[in-house]
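Q:
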Amino acid sequence: MVRKWLGLPKLVAVVGGFLTLAGLVLLGMATLSAAGYLNVSTLLETKHFLMVALVLVAVGLLDTFSAIIIARW
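In the numbering used here, the protein residues as written are 8 to 80.
(1) Looking only at its chain, what residues have a beta carbon closer than 7 Å to the beta carbon of residue 71, apart from the 5 residues adjacent to it on each side?
(2) So, at 8 Å on beta carbons, what are the nonlocal neighbours of residue 78 in its own chain, with the 5 sequence-adjacent residues on each side left out?
(3) Specify, as a first and last residue, the run of the alpha helix (DSSP H) that residue 54 falls within.
(4) Output yes or no for whether 9 Å exceeds the beta carbon distance between residue 39 and residue 45.
(5) Please state whether the Cβ-Cβ distance between residue 43 and residue 74 is less than 9 Å.
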């Protein structure tokens, strides 16, 4: 029974790291938007939408690869 829960601390660290990263990004965007430095509607226009989507996918992939590395470590 002890072996079953052996990888739980790593899983908790991975999920916690992902939630911290997502929270910091969202908090930063909300702060910049509230201060008037970031206009969120411009990010959703068609000429900027592809760039924003690619950046979000790249961050997601890097976070996934780091989670896999941490989980196997």
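Virtual Cβ for every residue (Gly too), placed ideally from N, Cα, C. What you are looking at is a predicted structure, and each value in this text was computed from that prediction instead of being measured.
A: Let's see:
(1) Sequence index remark: in the sequence shown, residue 71 carries index 64 (1-based). Cβ neighbours of residue 71 beyond the five flanking positions: none.
(2) Indexing the sequence shown from 1 puts residue 78 at position 71. Once the five neighbours on either side are set aside, the close Cβ partners of residue 78 are 14, 17, 18 and 21.
(3) Working through the sequence shown from its first residue, we reach residue 54 at position 47. Run containing residue 54: 53 to 79, per the alpha helix (DSSP H) assignment.
(4) The residue labelled residue 39 in the question sits at position 32 within the sequence shown. The residue labelled residue 45 in the question sits at position 38 within the sequence shown. Taking 9 Å as the Cβ cut-off, residue 39 and residue 45 qualify as a contacting pair.
(5) Sequence index remark: in the sequence shown, residue 43 carries index 36 (1-based). Sequence index remark: in the sequence shown, residue 74 carries index 67 (1-based). Contact: no.
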